[in-house]
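Peer 1: Structure provided below as structure tokens; questions to follow.
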Amino acid sequence: MAPMRAAATREKAARAARTSVISNILLTLIKLAAGLLTGSVSVLSEAVHSGLDLAAAAMAFVAVRKAREPADREHTFGHGKFESMSGLAEGLLILAAVALIVWGAGRKLVTGDIEVSLPLAGAGVMAVSAIVNVFVSRLLFRVARETDSVALEADGWHLRTDVWTSLGVLGGMATIDLGMRLGFPEIHHLDPIVALLIAGLIARASVGIIWQSWNHLVDRALPPADIARIEALLADHYPQLTGFHRLRTRQAGHERYVDIHIEVPGKLSVNAAHDLCDHLEGELRELMPGAEILIHVEPGRDHE
109 MAPMRAAATR EKAARAARTS VISNILLTLI KLAAGLLTGS VSVLSEAVHS
159 GLDLAAAAMA FVAVRKAREP ADREHTFGHG KFESMSGLAE GLLILAAVAL
209 IVWGAGRKLV TGDIEVSLPL AGAGVMAVSA IVNVFVSRLL FRVARETDSV
259 ALEADGWHLR TDVWTSLGVL GGMATIDLGM RLGFPEIHHL DPIVALLIAG
309 LIARASVGII WQSWNHLVDR ALPPADIARI EALLADHYPQ LTGFHRLRTR
359 QAGHERYVDI HIEVPGKLSV NAAHDLCDHL EGELRELMPG AEILIHVEPG
409 RDHE
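The numbering of the sequence shown is the working numbering, which starts it at 109 and goes up by one.
This is the structure in structure tokens:
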């Protein structure tokens, strides 16, 4: 039953990643066309943003399939870190998008080439983009929670950031259109300014994604709240066990690992100690579904 559940999880994650790839292809093309039509650097920055989201979604699609492969002779701990590597690469791609946006907006401000044509066309495209990405990001977050996928979560944050930046550009385009109608040519300066604000929001999101992925790659311990839950579960089993130590945890993509030394009464039989370990493993897996649990048994102090 477990292999069937694992296969269903892999397929669910793959479908979500595939949906993200398709939506990003369409949005990138639409935004690029709108940016060229309007001459707006903020709309073009959104096209760059979606293009990098597309690259990130493609990496997430590959990563979630690879990360769900079972352990083999060369990867005895599984392939979970492929997701963490994908998340790190996605974060770095977002920083690349920031650099491109800042360069384009800065050049517009320096050269004075800031005029925007047909701003309402750009606003319409941004509205479509925001609506599509709201639904796709919700899908990605839901499946990421169900499958514990770092890559899908990172992709979801890409699209959620795209929602806010698209709304920002939409507001900028609408304001520029109003300013043009009222005879304020200076309003065109708003376009590169909005692009720079977008760059700041994107950079902030990328730092969070990079930090999370980096923590997984360097085997940082699970969050303190998770460790506290594990310790509380173990404490509930006194006096069946007399103590525990060397609690070690880490995460690699969707995979979590818990390594613990427990102390049991010295007179406890091997069979009873084995049954206790099986019981603890079951409860720990209920606490953290899919986690790899390793329990080492030692005689307690009553043995000394």
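Backbone N, C-alpha and C define an ideal beta-carbon position, used for all residues, glycine too. If you're wondering where the values come from, they're calculated on a predicted model, not measured in any experiment.
Would you report the Cα separation of S237 and E261, rounded to the nearest angstrom?
Peer 2: Roughly 19 Å separates the two Cα atoms.
Peer 1: Indicate the three-state DSSP secondary structure (helix, strand or coil) for T357 in the structure shown.
Peer 2: T357: strand per DSSP, three-state reduction.
Peer 1: Just reading off the alpha helix (DSSP H) that I401 is part of, what are its end residues?
Peer 2: That residue, I401, is in no alpha helix (DSSP H); its beta strand (DSSP E) goes E400 to P407.
Peer 1: Ignore the nearest five residues each way along the sequence and tell me which others in L267's own chain have a CB closer than 6 Å to its CB.
Peer 2: These residues qualify, in order along the chain: N241, V244 and S245.
Peer 1: So what's E119 in DSSP terms, helix, strand or just coil?
Peer 2: Three-state DSSP puts E119 in a helix.
Peer 1: Under a Cβ-count criterion, where at least 16 other Cβ atoms within 10 Å of its own Cβ denotes burial, should R354 be classed as buried or exposed?
Peer 2: R354 comes out exposed.
Peer 1: Pull up the DSSP beta-bridge partners for G351, would you.
Peer 2: Its beta-bridge partners are E371.
Peer 1: Taking A124 as the reference, give the member of F169, V149 and D161 with the closest Cα.
Peer 2: Out of F169, V149 and D161, F169 has the C-alpha closest to the C-alpha of A124.
Peer 1: Along the chain, where does the alpha helix (DSSP H) containing A329 start, and where does it finish?
Peer 2: It is not in any alpha helix (DSSP H) - A329 carries neither H nor E in the DSSP assignment.
Peer 1: If you run the structure through DSSP and keep just helix, strand and coil, what is R181?
Peer 2: It is coil, neither helix nor strand.
Peer 1: Whose C-alpha, out of S377, R364, A380 and V378, is nearest the C-alpha of L402?
Peer 2: Residue R364 is the option with its Cα nearest to L402.
Peer 1: When the Cα atoms are used, what is the spatial distance from G291 to I318?
Peer 2: In a straight line, the C-alpha of G291 is about 45 Å away from that of I318.
Peer 1: Give me, in chain order, the residues of the same chain whose beta-carbon lies closer than 8 Å to that of R126; leave out the 5 immediate sequence neighbours on both sides.
Peer 2: Same-chain partners within the cutoff: F169.
Peer 1: Can you tell which of A329, V156 and E191 has the C-alpha that lies nearest to the C-alpha of A204?
Peer 2: Comparing Cα-Cα distances from A204 to each of A329, V156 and E191, the minimum goes to V156.
Peer 1: Given a cut-off of 9 Å, decide if V210 and A307 are closer than it, judged by their beta-carbon atoms.
Peer 2: For A307 and V210, yes; Cβs fall inside 9 Å.
Peer 1: Give the straight-line distance between the Cα atoms of K139 and S225, rounded to the nearest whole angstrom.
Peer 2: Going from the Cα of K139 to the Cα of S225 covers about 14 Å.
Peer 1: Between Q320 and G195, which are expected to be in contact by the criterion C-beta below 8 Å, what is the C-beta distance as a whole number of angstroms?
Peer 2: That pair is a contact at about 7 Å.
Peer 1: Here's a check: name, in chain order, each residue in its chain whose Cβ is nearer than 6 Å to the Cβ of E119, leaving out the five neighbours to either side.
Peer 2: Within the same chain, E119 has no close Cβ partners at all.
Peer 1: In the DSSP assignment, what are the bridge partners of V366?
Peer 2: Paired residues: T357 and I401.
Peer 1: Smallest Cα separation from I368: which of L341, A303 and N379?
Peer 2: The candidate whose alpha carbon is nearest that of I368 is L341.
Peer 1: Which of the three DSSP states, helix, strand or coil, is assigned to M234?
Peer 2: Three-state DSSP puts M234 in a helix.
Peer 1: Distance check for V129 and M109, CA to CA, integer angstroms please.
Peer 2: Only weak support exists for where M109 lies, its pLDDT of 37 falling under 50; the coordinates are left without a value.
Peer 1: Do the stretch 248 to 261 and the stretch 141 to 152 make contact, defined as three or more Cβ pairs closer than 8 Å?
Peer 2: Flag = no, the stretch 248 to 261 and the stretch 141 to 152 do not touch.
Peer 1: Give me, in chain order, the residues of the same chain whose beta-carbon lies closer than 7 Å to that of G280; leave out the 5 immediate sequence neighbours on both sides.
Peer 2: Same-chain partners within the cutoff: S150, L298, D299 and V302.
Peer 1: How many Å lie between V315 and M193 at the Cα?
Peer 2: Roughly 15 Å separates the two Cα atoms.
Peer 1: Measuring CA to CA, which of V277, W272, W265 and V206 is closest to G58?
Peer 2: Within the shown structure, residues of the chain are numbered from 109 to 412, placing residue 58 beyond reach of any answer.
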